[in-house]
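Student:
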Amino acid sequence: MSNAAFAALMAALVVVLWLAGRLVSNEYVFFAGYAVLQYILLATAWNLLGGYAGYVNFGSAAFFALGAYLSVALHKLVEAPLPVLILAGGLASGALGLVMGYLTLKLRGVFFSIATLALAIVFQAVITNWEFVGGASGAYVLRPAEGPWGGSYVEYLFYVMMVMAAAAVALARIIERSNIGYGLAAIRDDELAAETSGVPTLRLKVLATVLSGALMGMAGAPLPFYVAYLDPPSAFNLSYAVNTIAMPLVGGTRTWIGPVIGAVLLTAVQETAMVTISSASNLLLVGLLMVAFITLAPNGIVGLVADLRRRR
Amino acid sequence: MLAKNRVREDAQDMLDPLPLLNAVAAGVMLGGFYAAVALGIAIAFGLLDIPNLSHPAFVVAGAFTTWQLNSRLGLDPVAAGVVMVPLFFLLGLLIYRLYHVCFERRGEASLQGLAFFFGLLFITEVALVLAAGADYRSVTAPYIGTSLSFAGITLPERMLVPFVVSLAMIALLHQFLLRSFTGRAIQAVSQDQTALRLMGVGPTRIKSLAFGLATATAAIAGSLLIIVQPVEPSIGRDFIGRAFAAVVLGGMGSFYGMLLASIILGITESIISDMWNPSWAPAIAFGFLLPTLAFRSSGLLGRRL
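Going down the list, the sequences are from chains A and B.
For what it's worth, this note's numbering labels the leading residue of the first sequence as 2, then goes sequentially.
For what it's worth, this note's numbering labels the leading residue of the second sequence as 7, then goes sequentially.
(1) Look at the alpha carbon of GLN18 of chain B and the alpha carbon of TRP73 of chain B, and state the distance between them as a whole number of angstroms.
(2) Let's test the definition: count the other Cβ atoms within 10 Å of the Cβ of TYR227 of chain A and tell me whether it reaches 16, buried, or not, exposed.
(3) Please check if any C-beta of chain B sits within less than 8 Å of the C-beta of MET275 of chain A.
(4) In this structure, how does DSSP classify PRO83 of chain B when only helix, strand and coil are distinguished?
(5) Please check if any C-beta of chain B sits within less than 8 Å of the C-beta of ALA318 of chain A.
(6) Rounded to a whole number of angstroms, what is the C-alpha to C-alpha distance between GLY158 of chain B and GLY189 of chain B?
(7) Less than 8 Å between the C-beta atoms of ALA62 of chain A and TYR241 of chain A, yes or no?
(8) To the nearest whole angstrom, what separates the beta carbons of ILE226 of chain B and GLY87 of chain B, a pair I think is in contact under 8 Å?
(9) Along the stretch 232-243 of chain B, where does the CB come closer than 8 Å to a CB of chain A? Name the residues.
(10) Please confirm whether THR221 of chain B and GLY98 of chain B have their CB atoms less than 8 Å apart.
(11) Under 8 Å by Cβ, that's how I've got ILE273 of chain B and VAL34 of chain B pegged, so tell me the actual separation to the nearest angstrom.
(12) Checking contacts by CB at 8 Å: is SER153 of chain A closer than that to chain B?
(13) What is the DSSP secondary structure of PHE95 of chain B, reduced to helix, strand or coil?
(14) Using a Cβ-Cβ cut-off of less than 7 Å, list which residues of the stretch 281-299 of chain A approach chain B; keep chain order.
(15) Using the Cα positions of LEU297 of chain A and PHE128 of chain B, report the straight-line distance between them to the nearest angstrom.
(16) Comparing C-alpha positions only, which one of A:LEU104, A:ARG174, A:GLU132 sits nearest to LYS260 of chain A?
(17) Would you check if the distance between the CB atom of GLY125 of chain B and the CB atom of GLY110 of chain A is smaller than 8 Å?
(18) At which residues does the beta strand (DSSP E) containing THR160 of chain B begin and terminate?
(19) Contact criterion: CB-CB distance below 8 Å. Does ALA121 of chain B meet it with respect to chain A?
(20) Does the count of Cβ pairs from the stretch 235-246 of chain B and the stretch 166-175 of chain B closer than 8 Å reach three?
(21) Checking 8 Å against the spacing of the C-beta atoms, do GLY301 of chain A and LEU250 of chain A come in under that value?
(22) Using CA atoms only, rank isn't needed, just tell me which of B:PRO288, B:ASN28, B:ALA216 is closest to PHE156 of chain B.
(23) Within 10 angstroms of its Cβ, does GLN181 of chain B collect 16 or more other Cβ (buried), or is it exposed?
(24) From the DSSP output, read off the bridge partner residues of ARG143 of chain B.
(25) I need the straight-line Cα distance from LEU311 of chain B to ALA224 of chain B, nearest angstrom please.
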């Protein structure tokens, strides 16, 4: 399928879901749907760098929370509309990716990963001390009662997140099949060989980091309206970082569909476990699933399915 | 009048070197303790090139076993840490086996290995919450709550004991690496595996031994941690940045560099906490780590990355 055809298909899917959404009157559907779509977006964003280039970003929470807190600040300052907030979050987190990338991507991947892990901690300290966005005690954001086209505001948030997730998946697929994607795959398989055969490794890695960070920032921008109360421990919750990494790894990191499968599957598992068991053991389940997949099935569900087909 | 007096007092505070000296002394103690946490990473990451992110979580697990032994059997915290060393050593052997079979041998050590240790970190943390709850735990010992003072400098023994134990542990391991055959083999494995094999030593066996030792230090570091401060399961995260910053800033593979970096970090944190705001303390490690990675990747006393 060509890129244009795929993008058209995603757009059609968005329209169909939007029409279907108009028939739904239960708020919970939009609440739950938003969470799934947000994770599809985050997992796809992480995979641009982690899956395609093999550079592990542990600081998803920092990029995500930067988008969210910038929203809080801009909303307080000028009451900017949501699309502006999303754009601002994307730009800010993209810039953060640029700085982090330039400073640490020249070294081996391990050091980039450690730096991103520390980044999340530093950011939490910054936000905790920034009184304007609520500091340690958190910020309340008044959610408008109605979306701009009627319906509840949560319904509107759901559609916005749906458009972003669809666009991110289409973007990931385009990158995967372009020279950029082949260059990133070459870096993942053997960076030295890639460098010597003329792949501009540093530039590609920085580009992937910027795109990935920007998408995470955009994912975070609507969060304050979705949760209505945002404090540092919830915005920087480790479960965001773990889920964002676990989802592509469970689904499969080499293709665009992997993070989507992982996101849908793990959110479903967690929603079920939350109801049937407890919230702590539900996180344990995600951790165990992630470790089980990386040790036993390093190519995720996509890899397992491919193996099954080959054997038949 | 009152306000004027206060201003004068503040000015005297600024000139008085004692608070600063006290902060520096506290920082040295704190840094010595950080070195105990970083020691396991200095071995696993600095020497063996295994990015063991879960080490701080193991340290917290060590703190919880110390808490159990102290509150149930009344064992001294440091002794409790020493008692747990063999168990943590075995745990380290086991984890290294798994890591080796799944990642190192397949040659997929980087991405998968990092995610593996991140998963272990998370599992350890959640398992501790499930087993012991998310509350803060602490231990009792005669040296907790008392302090030594001379020349106006006060040193809480709660910090002094971990400092001394940490230095002793580092010196002991350093001597082991320098003098024993196994220790030299561990140093050799980080430099040239093929040469080691030619000398008739299996690199895998040596590496699993070294990783076992690295994990064993978590038992003692954990007992020191719970002496220094009350502990809850997720506290380990604050030490990931600090420990890796100490190892990278000190220079990969250099124990004394790591100790020096830990102490510099401790002093900086202590001064900033005292003079400004303690909530910035966890961020300082990052302020050390990022410039080191960007501009001087060989650290203070180490080799280039």
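The beta-carbon is built from N, C-alpha and C at its ideal position, and this holds for glycine as well.
Tutor: Short version:
(1) Locating residue 18 of chain B in the second sequence gives position 12, counting from the first residue. Locating residue 73 of chain B in the second sequence gives position 67, counting from the first residue. Confidence at GLN18 of chain B is low in this model, with a pLDDT of 49, below 50, so the placement of that residue is unreliable and no value is reported for it.
(2) Counted from its first residue, the first sequence places residue 227 of chain A at position 226. Buried is the call here.
(3) As a working mapping, residue 275 of chain A is identified with position 274 in the first sequence. Answer no: the Cβ-Cβ gap between MET275 of chain A and chain B never drops below 8 Å.
(4) Position 77 of the second sequence holds residue 83 of chain B. Here PRO83 of chain B sits in helix by DSSP.
(5) Nothing about residue 318 of chain A can be reported from this structure: the residues present for chain A run from 2 to 313 only.
(6) In the second sequence, residue 158 of chain B corresponds to position 152, counting from 1. In the second sequence, residue 189 of chain B corresponds to position 183, counting from 1. Answer to the nearest angstrom: the Cα atoms are 43 Å apart.
(7) As a first step, residue 62 of chain A must be located in the first sequence, where it is residue number 61. As a first step, residue 241 of chain A must be located in the first sequence, where it is residue number 240. In contact: ALA62 of chain A and TYR241 of chain A (Cβ atoms closer than 8 Å).
(8) Locating residue 226 of chain B in the second sequence gives position 220, counting from the first residue. Locating residue 87 of chain B in the second sequence gives position 81, counting from the first residue. Confirmed, about 4 Å.
(9) SER240, ARG243
(10) Locating residue 221 of chain B in the second sequence gives position 215, counting from the first residue. Locating residue 98 of chain B in the second sequence gives position 92, counting from the first residue. Against a cut-off of 8 Å, the Cβ pair of GLY98 of chain B and THR221 of chain B comes out as a contact.
(11) In the second sequence, counting from the first residue as 1, residue 273 of chain B sits at position 267. In the second sequence, counting from the first residue as 1, residue 34 of chain B sits at position 28. About 6 Å; that satisfies the 8 Å criterion.
(12) One-based indexing of the first sequence puts residue 153 of chain A at position 152. No, because no Cβ of chain B sits closer than 8 Å to the Cβ of SER153 of chain A.
(13) The residue labelled residue 95 of chain B in the question sits at position 89 within the second sequence. DSSP places PHE95 of chain B in helix when its eight states are reduced to three.
(14) ALA281, SER282, LEU284, LEU285, GLY288, LEU289, MET291, VAL292, ILE295, THR296, PRO299
(15) Here residue 297 of chain A corresponds to residue number 296 of the first sequence, with the count starting at 1. Here residue 128 of chain B corresponds to residue number 122 of the second sequence, with the count starting at 1. Distance between the alpha carbons of LEU297 of chain A and PHE128 of chain B is about 18 Å.
(16) On the first sequence, residue 260 of chain A is found 259 positions in, with the first residue counted as 1. At residue 260 of chain A the sequence reads Pro, which differs from the Lys that was named. The option with the nearest alpha carbon to PRO260 of chain A is A:ARG174.
(17) Within the second sequence, the letter at position 119 stands for residue 125 of chain B. Within the first sequence, the letter at position 109 stands for residue 110 of chain A. No, they are not a contact pair.
(18) Looking up residue 160 of chain B in the second sequence gives position 154. Per DSSP, THR160 of chain B belongs to the beta strand (DSSP E) from 159-162.
(19) Within the second sequence, residue 121 of chain B is the residue found at index 115, counting from 1. For ALA121 of chain B, the answer is yes, since a Cβ of chain A falls inside 8 Å of its Cβ.
(20) no
(21) By 1-based counting over the first sequence, the position of residue 301 of chain A is 300. By 1-based counting over the first sequence, the position of residue 250 of chain A is 249. In this structure, LEU250 of chain A lies closer than 8 Å to GLY301 of chain A by Cβ.
(22) For the purposes of this step, residue 156 of chain B is taken as residue 150 along the second sequence, with counting starting at 1. Out of B:PRO288, B:ASN28, B:ALA216, B:ASN28 has the C-alpha closest to the C-alpha of PHE156 of chain B.
(23) In the second sequence, residue 181 of chain B corresponds to position 175, counting from 1. Classification of GLN181 of chain B: exposed, given that the 10 Å Cβ count is below 16.
(24) As a position in the second sequence, residue 143 of chain B is number 137, starting the count at 1. B:VAL237, per the DSSP bridge assignment.
(25) Taking the first residue of the second sequence as 1, we reach residue 311 of chain B at position 305. Taking the first residue of the second sequence as 1, we reach residue 224 of chain B at position 218. Any reading at LEU311 of chain B is ruled out, since the residue's pLDDT is 44, under 50, leaving its predicted position unreliable.
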